[in-house]
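Q:
Protein chains: 4
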Amino acid sequence: MMSDKIRVTIWNEFVHEKNKDEVRKLYPNGMHKAIADGLGSKYEIKLASLDMPEHGLTETVLNETDVLIWWGHTAHGKVEDAIVDRVHAKILDGMGLIVLHSGHFSKIFKKLMGTKCDLHWRVSEPAGEKERIWVIEPYHPICKGLPEYFELPNEEMYGERFDIPEPDKTLFISWFEGGEVFRSGLTYSRGMGKIFYFRPGHETFPSFYNKNVLQVIDNAIEWACFSGTRDTMKVSHTKVALEKINTGL
Amino acid sequence: MMSDKIRVTIWNEFVHEKNKDEVRKLYPNGMHKAIADGLGSKYEIKLASLDMPEHGLTETVLNETDVLIWWGHTAHGKVEDAIVDRVHAKILDGMGLIVLHSGHFSKIFKKLMGTKCDLHWRVSEPAGEKERIWVIEPYHPICKGLPEYFELPNEEMYGERFDIPEPDKTLFISWFEGGEVFRSGLTYSRGMGKIFYFRPGHETFPSFYNKNVLQVIDNAIEWACFSGTRDTMKVSHTKVALEKINTGL
Amino acid sequence: MMSDKIRVTIWNEFVHEKNKDEVRKLYPNGMHKAIADGLGSKYEIKLASLDMPEHGLTETVLNETDVLIWWGHTAHGKVEDAIVDRVHAKILDGMGLIVLHSGHFSKIFKKLMGTKCDLHWRVSEPAGEKERIWVIEPYHPICKGLPEYFELPNEEMYGERFDIPEPDKTLFISWFEGGEVFRSGLTYSRGMGKIFYFRPGHETFPSFYNKNVLQVIDNAIEWACFSGTRDTMKVSHTKVALEKINTGL
Amino acid sequence: MMSDKIRVTIWNEFVHEKNKDEVRKLYPNGMHKAIADGLGSKYEIKLASLDMPEHGLTETVLNETDVLIWWGHTAHGKVEDAIVDRVHAKILDGMGLIVLHSGHFSKIFKKLMGTKCDLHWRVSEPAGEKERIWVIEPYHPICKGLPEYFELPNEEMYGERFDIPEPDKTLFISWFEGGEVFRSGLTYSRGMGKIFYFRPGHETFPSFYNKNVLQVIDNAIEWACFSGTRDTMKVSHTKVALEKINTGL
Numbered sequence: 632m633m634s635d636k637i638r639v640t641i642w643n644e645f646v647h648e649k650n651k652d653e654v655r656k657l658y659p660n661g662m663h664k665a666i667a668d669g670l671g672s673k674y675e676i677k678l679a680s681l682d683m684p685e686h687g688l689t690e691t692v693l694n695e696t697d698v699l700i701w702w703g704h705t706a707h708g709k710v711e712d713a714i715v716d717r718v719h720a721k722i723l724d725g726m727g728l729i730v731l732h733s734g735h736f737s738k739i740f741k742k743l744m745g746t747k748c749d750l751h752w753r754v755s756e757p758a759g760e761k762e763r764i765w766v767i768e769p770y771h772p773i774c775k776g777l778p779e780y781f782e783l784p785n786e787e788m789y790g791e792r793f794d795i796p797e798p799d800k801t802l803f804i805s806w807f808e809g810g811e812v813f814r815s816g817l818t819y820s821r822g823m824g825k826i827f828y829f830r831p832g833h834e835t836f837p838s839f840y841n842k843n844v845l846q847v848i849d850n851a852i853e854w855a856c857f858s859g860t861r862d863t864m865k866v867s868h869t870k871v872a873l874e875k876i877n878t879g880l
Numbered sequence: 632m633m634s635d636k637i638r639v640t641i642w643n644e645f646v647h648e649k650n651k652d653e654v655r656k657l658y659p660n661g662m663h664k665a666i667a668d669g670l671g672s673k674y675e676i677k678l679a680s681l682d683m684p685e686h687g688l689t690e691t692v693l694n695e696t697d698v699l700i701w702w703g704h705t706a707h708g709k710v711e712d713a714i715v716d717r718v719h720a721k722i723l724d725g726m727g728l729i730v731l732h733s734g735h736f737s738k739i740f741k742k743l744m745g746t747k748c749d750l751h752w753r754v755s756e757p758a759g760e761k762e763r764i765w766v767i768e769p770y771h772p773i774c775k776g777l778p779e780y781f782e783l784p785n786e787e788m789y790g791e792r793f794d795i796p797e798p799d800k801t802l803f804i805s806w807f808e809g810g811e812v813f814r815s816g817l818t819y820s821r822g823m824g825k826i827f828y829f830r831p832g833h834e835t836f837p838s839f840y841n842k843n844v845l846q847v848i849d850n851a852i853e854w855a856c857f858s859g860t861r862d863t864m865k866v867s868h869t870k871v872a873l874e875k876i877n878t879g880l
Numbered sequence: 632m633m634s635d636k637i638r639v640t641i642w643n644e645f646v647h648e649k650n651k652d653e654v655r656k657l658y659p660n661g662m663h664k665a666i667a668d669g670l671g672s673k674y675e676i677k678l679a680s681l682d683m684p685e686h687g688l689t690e691t692v693l694n695e696t697d698v699l700i701w702w703g704h705t706a707h708g709k710v711e712d713a714i715v716d717r718v719h720a721k722i723l724d725g726m727g728l729i730v731l732h733s734g735h736f737s738k739i740f741k742k743l744m745g746t747k748c749d750l751h752w753r754v755s756e757p758a759g760e761k762e763r764i765w766v767i768e769p770y771h772p773i774c775k776g777l778p779e780y781f782e783l784p785n786e787e788m789y790g791e792r793f794d795i796p797e798p799d800k801t802l803f804i805s806w807f808e809g810g811e812v813f814r815s816g817l818t819y820s821r822g823m824g825k826i827f828y829f830r831p832g833h834e835t836f837p838s839f840y841n842k843n844v845l846q847v848i849d850n851a852i853e854w855a856c857f858s859g860t861r862d863t864m865k866v867s868h869t870k871v872a873l874e875k876i877n878t879g880l
Numbered sequence: 632m633m634s635d636k637i638r639v640t641i642w643n644e645f646v647h648e649k650n651k652d653e654v655r656k657l658y659p660n661g662m663h664k665a666i667a668d669g670l671g672s673k674y675e676i677k678l679a680s681l682d683m684p685e686h687g688l689t690e691t692v693l694n695e696t697d698v699l700i701w702w703g704h705t706a707h708g709k710v711e712d713a714i715v716d717r718v719h720a721k722i723l724d725g726m727g728l729i730v731l732h733s734g735h736f737s738k739i740f741k742k743l744m745g746t747k748c749d750l751h752w753r754v755s756e757p758a759g760e761k762e763r764i765w766v767i768e769p770y771h772p773i774c775k776g777l778p779e780y781f782e783l784p785n786e787e788m789y790g791e792r793f794d795i796p797e798p799d800k801t802l803f804i805s806w807f808e809g810g811e812v813f814r815s816g817l818t819y820s821r822g823m824g825k826i827f828y829f830r831p832g833h834e835t836f837p838s839f840y841n842k843n844v845l846q847v848i849d850n851a852i853e854w855a856c857f858s859g860t861r862d863t864m865k866v867s868h869t870k871v872a873l874e875k876i877n878t879g880l
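Top line first, the protein sequences correspond to chains X, P, L and E. My numbering numbers the first residue of the first sequence as 632 and each following residue consecutively. My numbering numbers the first residue of the second sequence as 632 and each following residue consecutively. My numbering numbers the first residue of the third sequence as 632 and each following residue consecutively. My numbering numbers the first residue of the fourth sequence as 632 and each following residue consecutively.
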């Protein structure tokens, strides 16, 4: 019997949690597990990480995934290109993608954007500073249930210019105590897939326990889940040529 | 006990159906009634027209409307400005709007767009020609259940340039037998409200009985229904000033 | 003999400079004159204000204007609707428009946007706070010659949500000392006209003497000046119908 | 002495002109040479092709190129990845790019777009059919000097859905005799670079001798040439961290 639940796979490189004490204390089973717990039983959730065979992103897993969540940072370069290509193909075919924080520099995000995806950060290990996230387009389904703004008392700063293509919608803009701003909630579509970039959270801060952060991820899963039609593209992508309809011309 | 159904009000100037035989034959109870019948029992539907008190768009009716559908043509000028202002305010507060065909020249659409909303048409009473509507963004929820393209064997031509602001998404582009093209499915947001413009159907053709046209309207109702948060804007629109958060600066 | 210079008309309600000492001291001949002086001899500049006949925006003046700059605040309601309609028509016909600061609430800007154009500000007379303006799209011609960010040590805060339609491009985002962010450089097109909204400067601060602010206005004039073709629209706007091209069908 | 002229490099795979008689007759020195001749002496033009060392796109050539034009079709796979990466880097650093016709499937365009860039075409060798290109945004500088629409009496059909990201602006939409439509003039920005996709012309048709096609390419060169500021990005791309500005917090 099939569940009607949206099927979510949360991918985490899962490295910092193993080799940094402060991160392990905060996320003993990994950030992916913390997100899964925060989302509760609403979705059918799978966890995947770099150290699993095929990084946990086998054909089977992806075929059973409606929305993929991605967190990476220190090990972007260790993600195999063949797996990135597989994920890319699946997104173009309609799988939703939610990219979190340092995932901006992941191979999959850069491949989808076509740009460097660079941004500003502070060189020193982030001591943490206040981030105030303003909701710019409150009518959007990803903003459901949010207040006018919400704060994360300690986060790593990301600053503009964020080197990305023009987003479809800029849902959030962050204000940082140190003097920077950042477009921190961005929607895109690529092929049949819907993509959401969300700026928090750095591995040394408890952002994935924050109820507003979890609310955004929850909303984004529903938004990113395919809800159009694929029939159209089956024809288009097999390149079947049309006959001229007005053959009498 | 409240219904959970989306509440739709279909507004039609309802003039051609009374003073043109060929239109009355096609839509004996008005195009609004034909659309309502085509949508079936999925929504809670009200009908409204120009000849009703306050054009059928009283405060009470609008307060009980999630999505408003608008068809007008020959009587745009007879719609009272006060009613247009009321509808405009309600849209900015989150009511969805679906504008059909010649509604492109309605006061409410022009007020929302800020442009002339002009386009090309043929001077002679349209004899009808083939319209082929191509689906440009099949992943979009308004395109759910549609084929790659669908045809209306007889429609009035509308041609570019359509003098409108850049849409959020161009979902459909029409091909006309006579040599024109038209962006025929367009999404916008204004304030808290979501807006969809859809090009068919002229009053002398049976487009509102076409299953693909009805599918688009059905999808658009679900899409246009408010699904974000209004809390944010309550604060914003009452202009309550924020205190400086870092008063120590 | 005609000059090749772009013809700029700077409109200022010119009220605060007359009835507030601190503003008169800062801008003794009005903000419009300060902007004109700052731009130098590069453009052919006319000044216009509320107290002139037809607010200084006669048919003749507008016919000789390539780009109109607009500053208003306390007297938005005193601008006559007939003049607003005239300016609106001229913009749709290709005149560029640059709206400054509190001009966000002017009749002309709201008419072009179709929304409330509301935003956050502090209730108390602004004491001034630091504004840091980040350049988000440096490749854009309006950003020519700007540093990565620039600061105005004292400005009035404007905060999101700014209730506007999705801009074509968001060129600047402001960071405010007090905890807010604002999309402070926005491009739009309406009809044949190009529109740029730029957030500074409040009448009690010397922002219109700031070299970066003047650089932005200078760049925006060049950008907003009509550079396409109007021939197309002459046909389109006179609604001349096309003949079917394939009459044999 | 340096010229003030914009420096244009026209790249053509230059294969069909050598191995197909009908193409050689039409473009005896290659389509790149025909375009160069059509543009006249306004620009400083270099020609480059697949068979040259490094495909004619050496570091030196690219460093002396403001705008690169790209035509490819049968030999996309033969363009070396290292050269594609070099061109990609140069575009992100501000070189303009104009992609023509079948260049939609080139490695460089797909890398910039992040999608498949697929579209419809007819399976049989194109016999040619009428293309009518409608100007959708006449105010745009790329549309300068164009009529309301222009026709190419014989072209290869390209049909939607064109699998690309949402463009910044859709300038042209093509109508094809056979029943298809196509977004045939599209602007993008990626990094510091401006990109224009233009749909004509197939190698077996004389589209690159058409004055309107040449006018569009001419306009697009001026538009795509870098006109913003790179200073910003120098800082951003070297990832120099900013200090917190309010260190007293």
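All C-beta atoms, glycine included, are put in the ideal place defined by N, C-alpha and C.
Within 10 Å of its beta-carbon, does ARG861 (chain E) have 16 or more other beta-carbons around it, so buried, or fewer, so exposed?
A: Taking the fourth sequence and counting its residues from 1, one reaches residue 861 (chain E) at position 230. Exposed, because fewer than 16 other Cβ atoms sit within 10 Å of the Cβ of ARG861 (chain E).
Q: Would ASP635 (chain L) pass as an interface residue toward chain E - the criterion being a Cβ-Cβ separation below 8 Å?
A: One-based indexing of the third sequence puts residue 635 (chain L) at position 4. False, the Cβ-Cβ gap to chain E never drops below 8 Å.
Q: If you draw a straight line from the C-alpha of LYS742 (chain X) to the C-alpha of ARG830 (chain X), how long is it?
A: Residue numbering aside, residue 742 (chain X) sits at position 111 when the first sequence is read from its first letter. Residue numbering aside, residue 830 (chain X) sits at position 199 when the first sequence is read from its first letter. Cα-Cα distance, rounded: 18 Å.
Q: Is there a Cβ from chain P that is less than 8 Å from the Cβ of GLU782 (chain L)?
A: Counting from 1 along the third sequence, the entry for residue 782 (chain L) is found at position 151. With 8 Å as the cut-off, GLU782 (chain L) does not count as an interface residue toward chain P.
Q: Is any beta-carbon of chain X found at less than 8 Å from that of PRO769 (chain L)?
A: The residue you call residue 769 (chain L) lines up with position 138 of the third sequence. Yes - at least one Cβ of chain X is within 8 Å of the one on PRO769 (chain L).
Q: Using a Cβ-Cβ distance cut-off of 8 Å, determine whether ARG763 (chain P) contacts chain L.
A: For the purposes of this step, residue 763 (chain P) is taken as residue 132 along the second sequence, with counting starting at 1. For ARG763 (chain P), the answer is no, since every Cβ of chain L falls outside 8 Å of its Cβ.
Q: Taking 8 Å as the cut-off, does the region 786 to 797 of chain L touch the region 744 to 753 of chain L (at least 3 CB pairs, one atom from each stretch)?
A: Counting Cβ pairs under 8 Å, three or more are found: they touch.
Q: Going by other Cβ atoms of all chains shown within 10 Å of its Cβ, with 16 needed for buried, is ALA855 (chain P) buried or exposed?
A: Start at 1 with the first residue of the second sequence, and residue 855 (chain P) comes out as number 224. Buried, because 16 or more other Cβ atoms sit within 10 Å of the Cβ of ALA855 (chain P).
Q: Cβ closer than 9 Å: which chain E residues qualify as neighbours of MET683 (chain L)?
A: Stepping through the third sequence from its first residue, residue 683 (chain L) is reached at position 52. Residues of chain E passing the Cβ test: none, with the nearest at roughly 29 Å.
Q: Determine which residues of the region 781 to 803 of chain P have a Cβ less than 7 Å from any Cβ of chain L, and write them out in chain order.
A: Result list: GLY790, ARG792, ASP794, PRO796, GLU797, ASP799.
Q: Within 8 Å, do at least three Cβ pairs link the region 809 to 817 of chain E to the region 644 to 654 of chain E?
A: With a cut-off of 8 Å, the region 809 to 817 of chain E and the region 644 to 654 of chain E do not count as touching, because too few Cβ pairs lie within range.
Q: Going by C-alpha to C-alpha distance, which of E:ILE722, E:ALA706, E:ILE848 sits closest to ASP682 (chain E)?
A: Here the question's residue 682 (chain E) lines up with position 51 in the fourth sequence. It is E:ALA706 whose Cα lies nearest to the Cα of ASP682 (chain E).
Q: Going by beta carbon distance, what residues of the same chain come within less than 6 Å of TYR828 (chain X), once the five residues before and after it are set aside?
A: Within the first sequence, numbered from 1, the residue matching residue 828 (chain X) stands at position 197. Closer than 6 Å at the Cβ level, and outside the excluded window around TYR828 (chain X), lie VAL730, LEU817.
Q: Could you check where the alpha helix (DSSP H) with LEU657 (chain X) kicks off and where it finishes?
A: Mapped onto the first sequence, residue 657 (chain X) falls at position 26. LEU657 (chain X) -> alpha helix (DSSP H) spans 652 to 657.
Q: Near ILE700 (chain E), which residues of its chain fall below 6 Å by C-beta distance, leaving aside the five closest residues on each side in sequence?
A: For the purposes of this step, residue 700 (chain E) is taken as residue 69 along the fourth sequence, with counting starting at 1. Excluding sequence neighbours, ILE700 (chain E) sits near ILE641, ILE729.
Q: By the 10 Å Cβ neighbour count, where 16 or more other Cβ atoms means buried, how is SER867 (chain L) classified, buried or exposed?
A: The residue labelled residue 867 (chain L) in the question sits at position 236 within the third sequence. No answer about SER867 (chain L) holds up, because its pLDDT of 44 lies below 50 and its placement is not dependable.
Q: In whole angstroms, what separates the C-alpha of LEU657 (chain X) from that of ASP668 (chain X)?
A: The count along the first sequence starts at 1 and reaches residue 657 (chain X) at position 26. The count along the first sequence starts at 1 and reaches residue 668 (chain X) at position 37. One C-alpha to the other measures close to 14 Å.
Q: Hey, VAL715 (chain E) and ILE676 (chain E): beta-carbon distance below 8 Å or not?
A: Numbered from its first residue, the fourth sequence carries residue 715 (chain E) at position 84. Numbered from its first residue, the fourth sequence carries residue 676 (chain E) at position 45. Not in contact: VAL715 (chain E) and ILE676 (chain E) (Cβ atoms no closer than 8 Å).
Q: Along the beta strand (DSSP E) that carries TRP806 (chain L), what are the first and last residues, could you check?
A: Within the third sequence, residue 806 (chain L) is the residue found at index 175, counting from 1. From DSSP, the beta strand (DSSP E) with TRP806 (chain L) extends over 800 to 807.
Q: Taking all protein chains shown into account, decide if ASP849 (chain E) is buried (16 or more other Cβ within 10 angstroms of its Cβ) or exposed.
A: The sequence position of residue 849 (chain E) within the fourth sequence is 218, counting from 1. Its Cβ being crowded by 16 or more others within 10 Å, ASP849 (chain E) is buried.
Q: For the beta strand (DSSP E) containing GLU675 (chain X), list its first residue and its last residue.
A: In the first sequence, residue 675 (chain X) corresponds to position 44, counting from 1. Element bounds for GLU675 (chain X): 675 to 680.
Q: Kindly indicate if chain X contains any beta-carbon less than 8 Å away from that of ARG821 (chain E).
A: Walking along the fourth sequence from the start, residue 821 (chain E) turns up at place 190. Closer than 8 Å to some Cβ of chain X, the Cβ of ARG821 (chain E) qualifies, so yes.
Q: Among all the DSSP beta bridges, which residues are the ones paired with LYS825 (chain X)?
A: Sequence index remark: in the first sequence, residue 825 (chain X) carries index 194 (1-based). In the DSSP output, where bridge partners are listed per residue, LYS825 (chain X) has X:SER820.
Q: Touching or not, the region 689 to 698 of chain P and the region 782 to 790 of chain P, by the rule of three or more beta carbon pairs under 8 Å?
A: No contact exists between the region 689 to 698 of chain P and the region 782 to 790 of chain P.
Q: By the criterion of Cβ-Cβ separation under 7 Å, what are the contact partners of GLY810 (chain L) in chain X?
A: The residue given as residue 810 (chain L) occupies position 179 in the third sequence. Residues of chain X passing the Cβ test: ARG763, TRP806.
Q: Which chain L residues are close to ASN742 (chain P), counting only those with a beta carbon under 9 Å from its beta carbon?
A: Taking the second sequence and counting its residues from 1, one reaches residue 742 (chain P) at position 111. The question names Asn, yet the displayed sequence has Lys at residue 742 (chain P). Within chain L, the residues near LYS742 (chain P) are LYS742, GLY745.
Q: Let me check one thing: in DSSP terms, what residues is TYR780 (chain E) bridge-paired to?
A: Walking along the fourth sequence from the start, residue 780 (chain E) turns up at place 149. Answer is E:TRP765.
Q: Considering only residues of the same chain and omitting the five flanking positions on each side of TYR674 (chain E), which have a CB-CB separation below 6 Å?
A: Counting from one through the fourth sequence, the residue named residue 674 (chain E) turns up at place 43. Cβ within range, chain order: LYS636, ILE637, VAL639.
Q: Below 8 Å on the Cβ atoms is my contact criterion, and I expect ALA665 (chain E) with PHE839 (chain E) to pass it. Report the Cβ-Cβ distance as a whole number of Å.
A: Locating residue 665 (chain E) in the fourth sequence gives position 34, counting from the first residue. Locating residue 839 (chain E) in the fourth sequence gives position 208, counting from the first residue. About 5 Å separates the two Cβ atoms, so the contact holds.
Q: Let's test the definition: count the other Cβ atoms within 10 Å of the Cβ of SER680 (chain X) and tell me whether it reaches 16, buried, or not, exposed.
A: Indexing the first sequence from 1 puts residue 680 (chain X) at position 49. SER680 (chain X) should be labelled buried.
Q: GLY669 (chain X) lies in the alpha helix (DSSP H); which residues open and close that run?
A: Residue numbering aside, residue 669 (chain X) sits at position 38 when the first sequence is read from its first letter. Counting along the chain, the alpha helix (DSSP H) containing GLY669 (chain X) begins and ends at 662 to 670.
Q: Mind checking if VAL766 (chain E) is an interface residue toward chain P, Cβ cutoff 8 Å exclusive?
A: Counting from one through the fourth sequence, the residue named residue 766 (chain E) turns up at place 135. With 8 Å as the cut-off, VAL766 (chain E) counts as an interface residue toward chain P.
Q: Does any CB atom of chain P fall closer than 8 Å to the CB of LYS721 (chain X)?
A: Numbered from its first residue, the first sequence carries residue 721 (chain X) at position 90. So no, LYS721 (chain X) is outside the interface.
Q: Does DSSP put ASN850 (chain X) in a helix, in a strand, or in coil?
A: Taking the first residue of the first sequence as position 1, residue 850 (chain X) is located at position 219. In the structure shown, ASN850 (chain X) sits in a helix (DSSP, three-state: H, G or I).
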